[in-house]
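Below you'll find the structure, written out as structure tokens, and then a few comments.
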Amino acid sequence: MAKEHWAESGEGARGRVLRATALNRVLGHYGLEVAAWSGGAYVLRDRKGGTAVVSDLGAVWIEAERLHGAPLDPLDPGLVAALSA
Amino acid sequence: MTTPVFLVTGQLGSGKTTLISRLLQRPELGETAVIVNELGEVGIDHHLLRRVDERTVLLSSGCVCCVLRGDLSDELRSLLDLRDAGAIPPFRRVVIETTGVAEPAPIVQTLLADPLLPHHYAVGAIVVTVDGEHGLHGDEALHQVAAADTLVLTKADVVGPHDLEALEDELERLNPTARAVRASFGEVEPEFLLTASARDVRELPPTNGHAHPDGVEAVVLILDRTVDWTAFGIWLTMLLHARGTSILRVKGLLDTGGEGPLLVNCVRHAVHPPVHLDGWPDDDRRSRLVVIGQDVDRDALERSLRAFVTDAPSPLPPAAGGFRGVPRPWGGDSCGSGSARADSDLAG
Numbered sequence: 000m001a002k003e004h005w006a007e008s009g010e011g012a013r014g015r016v017l018r019a020t021a022l023n024r025v026l027g028h029y030g031l032e033v034a035a036w037s038g039g040a041y042v043l044r045d046r047k048g049g050t051a052v053v054s055d056l057g058a059v060w061i062e063a064e065r066l067h068g069a070p071l072d073p074l075d076p077g078l079v080a081a082l083s084a
Numbered sequence: 000m001t002t003p004v005f006l007v008t009g010q011l012g013s014g015k016t017t018l019i020s021r022l023l024q025r026p027e028l029g030e031t032a033v034i035v036n037e038l039g040e041v042g043i044d045h046h047l048l049r050r051v052d053e054r055t056v057l058l059s060s061g062c063v064c065c066v067l068r069g070d071l072s073d074e075l076r077s078l079l080d081l082r083d084a085g086a087i088p089p090f091r092r093v094v095i096e097t098t099g100v101a102e103p104a105p106i107v108q109t110l111l112a113d114p115l116l117p118h119h120y121a122v123g124a125i126v127v128t129v130d131g132e133h134g135l136h137g138d139e140a141l142h143q144v145a146a147a148d149t150l151v152l153t154k155a156d157v158v159g160p161h162d163l164e165a166l167e168d169e170l171e172r173l174n175p176t177a178r179a180v181r182a183s184f185g186e187v188e189p190e191f192l193l194t195a196s197a198r199d200v201r202e203l204p205p206t207n208g209h210a211h212p213d214g215v216e217a218v219v220l221i222l223d224r225t226v227d228w229t230a231f232g233i234w235l236t237m238l239l240h241a242r243g244t245s246i247l248r249v250k251g252l253l254d255t256g257g258e259g260p261l262l263v264n265c266v267r268h269a270v271h272p273p274v275h276l277d278g279w280p281d282d283d284r285r286s287r288l289v290v291i292g293q294d295v296d297r298d299a300l301e302r303s304l305r306a307f308v309t310d311a312p313s314p315l316p317p318a319a320g321g322f323r324g325v326p327r328p329w330g331g332d333s334c335g336s337g338s339a340r341a342d343s344d345l346a347g
């Protein structure tokens, strides 16, 4: 059995749905969308039909970067401005 | 009940073996298993440990933070099996002495990520020896200091007071979350090293020191609004993914809306299970986060953190217990009764 991610410890399906909502604030800036999937996973989508299934929050960023085609940085001024708006 | 694992690291010749040897002579530390990691085909340091017995294990021919991580897991499992079978004397703690070039983070990650070990072991503290005579040299030394809960300045008897104070100032700038102690011939009170392990981050001033000449700097971020835990987890995972090579340490207490703060502690990519403390030590409930990194842009970091965690429209309403987005119970550690200090909870 896979070990729980530290940020997701003790939460259920509802917690993952709410996390996906919060993630979409960030990923939406890069044209990406995430949804909670069955079995504790998330599914990522881009606007061109690309998808990826990831097992936990830590893995979201690896696949999100792959779909976006460029690094994602939380210090990105454009992202910070969008979140602060 | 997990067995605490104490990591003793520091540069070659900085006094790791001397420190451990002296500690193991103390009767209160009798029930200690020791894992010694050395580079080279033939280990030497483990022979210098005076209490070599069945509980002392040598990992040689490689460094435990890179090529021997699997061996470390195997040895920790083996110690459990041998203890349960009565084949070795009982032990209440494990001390791992690393090589002088070891990075603490991969070792901590090995302990945290293993599917079995976290059920039996918890990281007690990272103790780093610093050669009081020769100081810090190279990136490994800076990374070790950044990861430390406790810093031991060795050879204090051969260094002048001014030089020692200058080194202490340097260490304070590099890692203000760690406690420092001077030692001569490895003489340190065991309680200082193996129980209370770090300073309370709330003792740290909200100002920032100057960067080390190598660009390593500790910045203190203070948030005066409740932090959304879900948003914080998103921010920290994204930060560690994007800048994991330059972020050496993150440690702090967060106000997530509950009775007590949440203790967050990570060494590079290795994130300890967050610990929910029972209460705040005083009326100041502001969240405080220390970030130690290479070439850190403090203002950009603070803007980003605020945008993620305090400007966020919370996806979670307050739960019955009053916690905002914080799942309980934790899969990992829980805090001790009545404890509200980071240092006591890190001790495992």
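If you read the protein sequences in the order shown, they are chains H and W. 84 is the number that numbering that gives the first Met the number 0 gives the last residue of the first sequence; the numbers go up by one with no jumps. 347 is the number that numbering that gives the first Met the number 0 gives the last residue of the second sequence; the numbers go up by one with no jumps. All C-beta atoms, glycine included, are put in the ideal place defined by N, C-alpha and C.
Cβ shell of residue i (< 8 Å), same chain only, five flanking positions each side left out
i	result
GLU64 (chain H)	PRO70, LEU71
VAL187 (chain W)	LEU18, ARG21, LEU22, VAL151, VAL180
ALA155 (chain W)	GLY131, LEU163, ARG181, ALA182, SER183
HIS118 (chain W)	THR1
GLY185 (chain W)	GLY14, THR17, LEU18, ILE19, SER20, ARG21, LEU22, THR153
ARG305 (chain W)	LEU222
Identified DSSP bridge partners for residue i
i	result
ASP130 (chain W)	W:THR153
GLN293 (chain W)	W:VAL215
ARG76 (chain W)	Answer is none; ARG76 (chain W) lacks a bridge partner.
LYS15 (chain W)	Beta-bridge pairing links LYS15 (chain W) to no other residue.
ILE233 (chain W)	DSSP output for ILE233 (chain W) lists no bridge partner at all.
PRO3 (chain W)	W:ALA121
TYR41 (chain H)	H:ALA35, H:VAL53
THR354 (chain W)	Given that chain W is displayed from residue 0 to residue 347, the structure contains no residue 354 (chain W) and the question cannot be resolved.
LYS47 (chain H)	Paired residue(s): none; LYS47 (chain H) is not in a bridge.
GLY9 (chain W)	W:THR128
VAL25 (chain H)	VAL25 (chain H) is not bridged to any residue.
SER286 (chain W)	W:LEU222
HIS275 (chain W)	W:LEU261
LEU252 (chain W)	W:LEU262, W:ARG287
ARG82 (chain W)	Beta-bridge pairing links ARG82 (chain W) to no other residue.
ALA269 (chain W)	W:VAL266
VAL180 (chain W)	W:VAL151
ILE61 (chain H)	BP columns for ILE61 (chain H) are empty, so no partner.
ILE246 (chain W)	W:GLY292
Beta-carbon proximity list for residue i, same chain, < 7 Å, skipping 5 on both sides
i	result
GLY29 (chain W)	none
ALA6 (chain H)	LEU56
ASN23 (chain H)	GLU32, VAL33
ASP294 (chain W)	GLY214, SER245
HIS4 (chain H)	ASP55, LEU56, GLY57
GLN108 (chain W)	HIS268, ALA269
GLY159 (chain W)	none
GLY225 (chain W)	Before going on, a small fix: residue 225 (chain W) reads as Thr here, not Gly. Around THR225 (chain W): ASP254, THR255, GLY256, ARG323.
LEU81 (chain W)	ILE87
Pair within 7 Å by beta-carbon distance, residue i and residue j
i	j	result
ALA34 (chain H)	VAL25 (chain H)	no
ASP286 (chain W)	LEU74 (chain H)	Rather than Asp, the amino acid found at residue 286 (chain W) in this sequence is Ser. Result no, Cβ atoms of SER286 (chain W) and LEU74 (chain H) do not sit closer than 7 Å.
GLY251 (chain W)	LEU288 (chain W)	yes
GLY348 (chain W)	VAL127 (chain W)	Nothing can be reported for residue 348 (chain W), as the shown portion of chain W is limited to 0 through 347.
THR229 (chain W)	ARG15 (chain H)	no
GLU74 (chain W)	VAL7 (chain W)	no
GLU301 (chain W)	LEU220 (chain W)	yes
THR149 (chain W)	PHE90 (chain W)	no
ALA177 (chain W)	ALA140 (chain W)	no
VAL94 (chain W)	PHE5 (chain W)	yes
LEU239 (chain W)	ALA145 (chain W)	no
Residues near residue i in its chain [Cβ-Cβ closer than 6 Å; skip 5 each side]
i	result
PRO3 (chain W)	ARG92, ALA121, GLY123, GLY347
ALA318 (chain W)	Only weak support is given to the placement of ALA318 (chain W): the predicted model assigns it a pLDDT of 40, under 50, and the value that follows is read from those uncertain coordinates. None.
VAL249 (chain W)	CYS265, VAL290
ALA40 (chain H)	VAL52, SER54
LEU192 (chain W)	VAL126, THR149
GLY12 (chain W)	none
HIS28 (chain H)	LEU78, ALA81
HIS350 (chain W)	Past the boundaries of the shown model lies residue 350 (chain W); chain W is included only from 0 to 347, so the question cannot be answered.
VAL56 (chain W)	ILE34, GLU74
LYS15 (chain W)	VAL7, GLY9, GLU96, THR128
Partner residues on chain C for residue i, Cβ-Cβ distance less than 9 Å
i	result
SER54 (chain H)	The structure shown has no chain C; the protein chains it does contain are H and W.
Problem set entry | Chain-ordered residues of the stretch 5-37 of chain H with a beta carbon less than 8 Å from chain W | TRP5, ALA6, GLU7, SER8, GLY9, GLU10, GLY14, LEU17, ARG18, THR20, ALA21, LEU22, ARG24, VAL25
Exercise. Closer than 7 Å, Cβ to any Cβ of chain H: which residues of the stretch 222-238 of chain W, in chain order?
Worked result: THR229, ALA230, GLY232, ILE233, TRP234, THR236, MET237, LEU238
Problem set entry | the stretch 250-261 of chain W / the stretch 101-115 of chain W touching (three or more Cβ pairs under 8 Å) | no
For this session: Give the residues from the stretch 274-302 of chain W that approach chain H closer than 9 Å (Cβ to any Cβ), ordered along the chain.
Result: ASP296, ALA299, LEU300, ARG302
For this session: Residues of the stretch 107-134 of chain W with a CB closer than 9 Å to any CB of chain H: list them in chain order, please.
Result: LEU111, ALA112, ASP113, PRO114, PRO117
For this session: Using a Cβ-Cβ cut-off of less than 8 Å, list which residues of the stretch 240-263 of chain W approach chain H; keep chain order.
Result: HIS240, ALA241, ARG242
For this session: Using a Cβ-Cβ cut-off of less than 8 Å, list which residues of the stretch 173-184 of chain W approach chain H; keep chain order.
Result: Those would be none; no residue qualifies.
Exercise. What residues in the stretch 87-105 of chain W have a beta carbon less than 7 Å from any beta carbon of chain H?
Worked result: none
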